[in-house]
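Colleague: So the sequence shown is residues 9 to 400, counted in the working numbering. Quick reminder that beta carbons are idealized off the backbone N, C-alpha and C, glycines included. This structure is a prediction, so every number in the text was calculated from the model and none was measured.
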Amino acid sequence: MASLYHLLPTLLAITSLTIASSPIQKRLNTTVGITPAMGFNNYNAGLPPSAETALNAADALISLGLKAVGYEYVNIDDGWSTMSRDGEGNLVPDPEKWPDGIEAVASEIHEMGLKFGLYGDSGTETCAGYPGSQGHEEQDAKLLASWGVDYWKYDNCATPSGDSQPRYETMRDALLATDHDILYSLCQWGQDEVWTWGAEVGHSWRVGGDITNDWESAASIAASNAGIASYAGPGGFNDFDMLEVGNGALTAAEERAHFGLWAISKSPLLIGADLATIGNASVEILSNKEIVAINQDSLGLAATTFQPPGAPEPSTDSLYPYWVGELSDGYVVGLVAVDAAESLSVEFADIEAIGAGTFAWTELYTGESGTGTGVSADLEVHDMAIFKVTAA
Ligand code: GLA
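Here's what the structure looks like:
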């Protein structure tokens, strides 16, 4: 199924390119999710959905310096509850996984200056077969708020056929009716053109099926969603899925490109690796402050592809080498070596968003900087250079 879901954005991106400039009308009136969420989720690394996992991740975010860079949410995915609701219809934290309950863990995490997130489902069952929230939205939202849950990922398994939007709105209304601001993360895999209505319903929306731990998956997610970049804006973002940086399958170059593409596309940055064993090189990529600052820029605009003279037509079928985005204080230019090691260069005059002129630039992975009418990079295969471009 995952590959089917991947196709949807590709097809729809072609149509959305033509309406890309329509402004986003409405955002949720909350104090959270104004910039893309940053944090940790246990799912990609296959860590158990338990108190131990959450508290270990919280400790590691601090000790590895990731909290200082902005990683804030400690999110626990599918499987944290018992297999059935209690006599009053409430979700029940699995006592084996949460010996002191959820509230105690959430408050410990709050005391560490971090936030805590949980996962649920808009159907009758979660994707792993635990109870879903259909018909229990208000009750579940109240329970989450009472525990101090700060982030709610809402999945799309075991759902009735038909439009998903009303289901996601029911939970939005239930969350907004509580006295706690909860970041609402829609996880319906890019169906029903969610990017066209996602910002009215939640703070981010998954744009496709699940990422897998390989370069092809990361490259195809970034490629197929270049056409829907314009739907990102403050308070609502295209969610490319949780990161695979640090999970052992990608080369260092691929980790730089995967992280860089997510960051400039304003995707949430949710670390999906086991922080107890993650390598230093991966931590260094995740903690690149300047690249994080691009992701968190107040303008909230996502980068997309541009076509320099002589380059092939951009396509959402395969990763494109040339990317540009507007920032509150300049521009970001991304260059990706998609098929082989190569030297890439562009003139600012050939980038419509920037235009001819002399600008100051810094490459954010190497720290190299200069002033000129363009930028260039020698890249190994699947590597990415990310230039911050500002007035000279
Ligand atoms: C779906 C979601 C994933 C993850 C799993 C858990 O596949 O898309 O991100 O939450 O469910 O079962």
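Is the beta carbon of ASP247 closer than 9 Å to that of PRO276?
Modeller: yes
Colleague: Where are the beta strand (DSSP E) runs, 3 residues long or more, that stay fully inside the stretch 41-112, in chain order?
Modeller: 46-49, 81-83
Colleague: Based on DSSP bridge pairs, tell me the residues matched to ILE279.
Modeller: PHE48
Colleague: Work out the CA separation of PRO101 and GLY61 for me, nearest whole Å.
Modeller: Before going on, a small fix: residue 61 reads as Thr here, not Gly. Taking the straight line from one Cα to the other gives about 14 Å.
Colleague: Report the partner residues of ASN246 according to the DSSP bridge assignment.
Modeller: DSSP lists TRP213 as partners of ASN246.
Colleague: Taking all protein chains shown into account, decide if THR134 is buried (16 or more other Cβ within 10 angstroms of its Cβ) or exposed.
Modeller: buried
Colleague: With DSSP run on the structure shown, which of helix, strand or coil describes ALA230?
Modeller: helix
Colleague: Using a Cβ distance threshold of 8 Å, determine whether the stretch 325-335 contacts the stretch 217-235, with at least three qualifying pairs required.
Modeller: yes
Colleague: Taking LEU183 and TYR159 to be in contact with their CB atoms under 8 Å, please state how far apart those CB atoms are, rounded to whole angstroms.
Modeller: LEU183 to TYR159, Cβ: 11 Å. No contact.
Colleague: Give me, in chain order, the residues of the same chain whose beta-carbon lies closer than 8 Å to that of ASN52; leave out the 5 immediate sequence neighbours on both sides.
Modeller: ILE219, ASN221, MET250, LEU251, GLU252, ASN255, GLY280, ALA281
Colleague: Cβ of GLY87 within 8 Å of any heavy atom in ligand 1?
Modeller: yes
Colleague: Judging by CA-CA distance, which residue of VAL354, SER384, SER336 is the nearest neighbour of ALA399?
Modeller: SER336
Colleague: Is LYS161 closer than 9 Å to SER141 when the C-beta atoms are compared?
Modeller: no
Colleague: May I ask whether a heavy atom of ligand 1 can be found less than 8 Å away from the beta carbon of ALA136?
Modeller: yes
Colleague: For the candidate residues ASP163, SER273, ASP148, GLY137, whose alpha-carbon lies nearest to that of GLY217?
Modeller: ASP163
Colleague: Compute the distance between the beta-carbons of LEU278 and ALA45, then report whether it is under 9 Å.
Modeller: Result yes, Cβ atoms of LEU278 and ALA45 sit closer than 9 Å.
Colleague: Identify the residues that DSSP records as bridge partners of ILE394: which are they?
Modeller: GLY342
Colleague: Is SER342 near PHE267, with beta carbons less than 9 Å apart?
Modeller: What sits at residue 342 in the sequence shown is Gly, not Ser. No, the pair does not count as a contact, with Cβ atoms beyond the cut-off.
Colleague: Considering only their Cβ atoms, is the gap separating ALA265 from ASP391 smaller than 9 Å?
Modeller: A contact, by the Cβ cut-off of 9 Å.
Colleague: Could you give the DSSP three-state label for TRP197: helix, strand or coil?
Modeller: coil
Colleague: Hey, how far is the Cα of SER1 from the Cα of LEU63?
Modeller: With the chain covering only 9 through 400, there is no way to say anything about residue 1.
Colleague: DSSP on SER351, reduced to helix/strand/coil?
Modeller: strand
Colleague: Between ALA28 and the rest of its own chain, which residues show a CB-CB distance below 6 Å, the 5 nearest in sequence each way excluded?
Modeller: Reliability fails at ALA28, whose pLDDT of 39 lies under 50, so the model's placement of it is uncertain and the value that follows must be treated cautiously. Once the five neighbours on either side are set aside, the close Cβ partners of ALA28 are SER238.
Colleague: What span of residues does the beta strand (DSSP E) with SER290 cover, start to end?
Modeller: Note, SER290: premise wrong, no beta strand (DSSP E); alpha helix (DSSP H) at 288-294.
Colleague: Pull up the CB-CB distance for GLY333 and VAL397, whole angstroms please, since I reckon it's below 8 Å.
Modeller: Contact flag wrong, Cβ pair sits at about 10 Å.
Colleague: Would you mind working out which of THR39, THR38, LEU72, VAL77 sits nearest VAL300, comparing C-alpha positions?
Modeller: VAL77
Colleague: With burial defined as no fewer than 16 other Cβ atoms inside 10 Å of the residue's Cβ, what is the status of GLU66: buried or exposed?
Modeller: A quick correction: the sequence has Ala, not Glu, at residue 66. The residue is buried, with at least 16 neighbouring Cβ atoms inside 10 Å.
Colleague: Cβ-heavy atom distance between TRP270 and ligand 1 below 8 Å?
Modeller: no
Colleague: Cβ of LEU69 within 9 Å of Cβ of LEU283?
Modeller: At a Cβ-Cβ threshold of 9 Å, LEU69 and LEU283 count as neighbours.
Colleague: Can you round the beta-carbon distance between LEU36 and HIS211 to whole angstroms, since I take them to be within the 8 Å contact cut?
Modeller: Right, the Cβ-Cβ distance comes to about 7 Å (below 8 Å), so this counts as a contact.
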